[in-house]
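Residue numbers (my numbering): 1 to 290. See structure below.
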Amino acid sequence: MQMIYFMKIFHFLFIFSFSIQANSQNLIEEGNKWNIVIYPTFSPNTESYSIKIGDELFINDTSYNKVLISNDSLNSEWYSNHQYIRQSSDANQVYLKSSDNPEILLYNFNLQIGDEFVIDDQCTLKVIEIDTIKLSDQIPRKRIKLNFKDNPTWGEQIWIKGIGSEFGMISHFMFCSFDYSEKLLCFYSNEELLYPENPSTCFITYINDVKNENSITIKPNPSSYLLDIEIKNFKLDQVKIYNLLGQIIGSTEIKDQSIQIDATKFPKGYYIIGFYKNGQYILSKGFIKN
Numbered sequence: 001m002q003m004i005y006f007m008k009i010f011h012f013l014f015i016f017s018f019s020i021q022a023n024s025q026n027l028i029e030e031g032n033k034w035n036i037v038i039y040p041t042f043s044p045n046t047e048s049y050s051i052k053i054g055d056e057l058f059i060n061d062t063s064y065n066k067v068l069i070s071n072d073s074l075n076s077e078w079y080s081n082h083q084y085i086r087q088s089s090d091a092n093q094v095y096l097k098s099s100d101n102p103e104i105l106l107y108n109f110n111l112q113i114g115d116e117f118v119i120d121d122q123c124t125l126k127v128i129e130i131d132t133i134k135l136s137d138q139i140p141r142k143r144i145k146l147n148f149k150d151n152p153t154w155g156e157q158i159w160i161k162g163i164g165s166e167f168g169m170i171s172h173f174m175f176c177s178f179d180y181s182e183k184l185l186c187f188y189s190n191e192e193l194l195y196p197e198n199p200s201t202c203f204i205t206y207i208n209d210v211k212n213e214n215s216i217t218i219k220p221n222p223s224s225y226l227l228d229i230e231i232k233n234f235k236l237d238q239v240k241i242y243n244l245l246g247q248i249i250g251s252t253e254i255k256d257q258s259i260q261i262d263a264t265k266f267p268k269g270y271y272i273i274g275f276y277k278n279g280q281y282i283l284s285k286g287f288i289k290n
C-alpha cells in the first residue's frame with residue numbers, strides 16, 4: 001500500500017515537472033519579454049526597444065496573440081505594432097501575421113542538421129548544428145545554429161526554443177541584410193532574467209544617441225496618415241524605411257530640415273526609419289502605423 005502511495009507521488013511529480021518544462025518551451029507565453037538593440041553595421045549609434053506578448057485574439061477563427069512594442073527602458077508605454085503571433089501545439093513552429101497579410105513561418109524547431117529554412121528568394125538558412133542549452137531556470141532547451149546557405153562565411157544565427165533568435169524575436173529575417181541588424185540583449189519570463197546569464201546591459205542608450213534622438217522629431221507617432229519629421233542641429237540627406245523583416249519599403253531624399261512621409265501606403269505595423277548622410281547610416285527611429 002505504501003509502495004503504491006509513493007508511486008502515485010512520483011508519478012505526480014514527474015507530470016508536474018514535465019508540465020513546467022513544456023511550458024518553458026513556449027515562445028508565446030504571457031510574461032515573456034525581449035529587450036532588443038538595433039545597431040547599424042557601420043556606425044556605433046544604437047537604439048533599444050522591448051517586445052512582449054499581448055492579449056489573445058481571433059483572426060479568421062485562428063487564435064493569435066498581439067505583439068506589443070515599447071521604446072523606453074522603463075516600458076512605461078506599450079503599443080500594438082499590428083503584428084500577431086501563434087505557435088503549434090508542441091511549440092515547435094511559430095507563425096507571424098502582419099496586418100492583413102498572409103502569415104509566415106517565423107521558426108521551425110523541427111529542423112534537423114542539413115535542413116533549410118527559406119526566408120525569401122535572396123536568403124536561405126541552413127542548419128549546421130543542434131544541441132541543448134540550460135538557462136538560469138536549469139531547464140534544457142533545444143538550440144539550433146544556422147548559417148547563410150549561399151554565403152556560409154556571412155555569419156551564424158542561433159535559435160533557442162521558447163526564446164527565438166539571438167538576432168531579435170520577430171526580426172531575425174534581417175540576418176541577410178547589411179544595412180542594419182538587431183541583437184537580443186535580454187530575455188525575461190515574468191520579470192525574471194533567463195538569458196543571457198550575465199548581460200553587460202539590457203537596454204542601450206548612448207549619450208550620442210540621446211543627443212541625436214532630441215535632434216529628430218517624428219509627429220504624430222503613432223500615425224495613420226502623414227508623418228512630419230523635423231531635423232535640427234545636423235545635416236542629413238536620405239531616409240530609408242524598413243519593416244521588421246529588414247526589407248526597405250520606401251526611401252526619400254532630404255532637401256530641407258523638415259520632410260513629410262505618407263504613411264497611408266504602409267500596412268499597419270511597426271517600422272524603422274534609418275537616417276543617412278552621404279550614404280552612411282547615422283541613426284534610426286521607430287514609428288507605428290495604426
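Ideal Cβ positions, reconstructed from N, Cα and C, are used throughout, including at glycine.
Between which two residues does the beta strand (DSSP E) carrying residue i extend?
i    : result
Y271 : 269-277
N147 : 140-148
H82  : 79-87
D137 : No beta strand (DSSP E) contains D137, which DSSP labels as neither H nor E.
K255 : No beta strand (DSSP E) contains K255, which DSSP labels as neither H nor E.
E191 : First-last for E191: undefined, no H or E at that position.
Q247 : It is not in any beta strand (DSSP E) - Q247 carries neither H nor E in the DSSP assignment.
K219 : 216-219
Measure how close the beta-carbons of residue i and residue j come, nearest whole angstrom, since I'm counting them as under 8 Å.
i    : j    : result
F109 : K33  : With a Cβ gap of about 20 Å, F109 and K33 do not count as contacting.
I158 : K145 : 5 Å
I85  : N65  : 6 Å
Q112 : V127 : 7 Å
P222 : Y79  : 6 Å
In whole angstroms, what is the alpha-carbon distance linking residue i and residue j?
i    : j    : result
I272 : W154 : 23 Å
E129 : G164 : 16 Å
L106 : L226 : 31 Å
L185 : S284 : 18 Å
L74  : P267 : 28 Å
N190 : N290 : 28 Å
S177 : S89  : 32 Å
I288 : E56  : 20 Å
K265 : S224 : 9 Å
Y276 : S98  : 27 Å
I46  : Y39  : Looking at the sequence shown, residue 46 is not Ile but Thr. Going by the C-alpha atoms only, they are around 5 Å apart.
T124 : K183 : 19 Å
G31  : E156 : 28 Å
I312 : I53  : Summary: the structure shown does not reach residue 312, with the chain confined to residues 1 through 290, and so no result is reported for it.
I231 : A263 : 18 Å
E77  : F117 : 35 Å
R143 : D137 : 16 Å
If you compare alpha carbons, which of the options is closest to residue i?
i    : options                : result
E192 : L135, Y225, H82        : L135
I229 : Q257, F266, Q247       : Q257
E253 : Y242, Q238, I259       : Q238
N81  : Q87, I133, T132, Y49   : Y49
K219 : G286, L236, K240, I113 : G286
D115 : L68, Q122, F148        : F148
I104 : Q87, I216, A263, V37   : Q87
I204 : Q83, N71, F167         : N71
T201 : N26, V37, I28, P222    : V37
S251 : I28, Q260, I241        : I241
K96  : G269, G274, G279, I231 : It is worth fixing the name first, because residue 96 is Leu in this sequence and not Lys. Among G269, G274, G279, I231, the Cα nearest to that of L96 belongs to G269.
P140 : L194, Y79, G279        : L194
Q25  : N92, G31, I261, N151   : N92
N278 : K235, I69, Q260        : K235
D150 : F167, R143, Q122       : Q122
Considering only heavy atoms of the ligand FAD, does any lie closer than 6 Å to the CB of residue i?
i    : result
Y270 : Summarising the ligand content, the structure contains no ligands, and the ligand FAD is consequently not present.
Stretch-stretch touch, CB-based, cutoff 8 Å, three pairs: the stretch 162-172 with the stretch 242-249: Verdict: yes, contact present.
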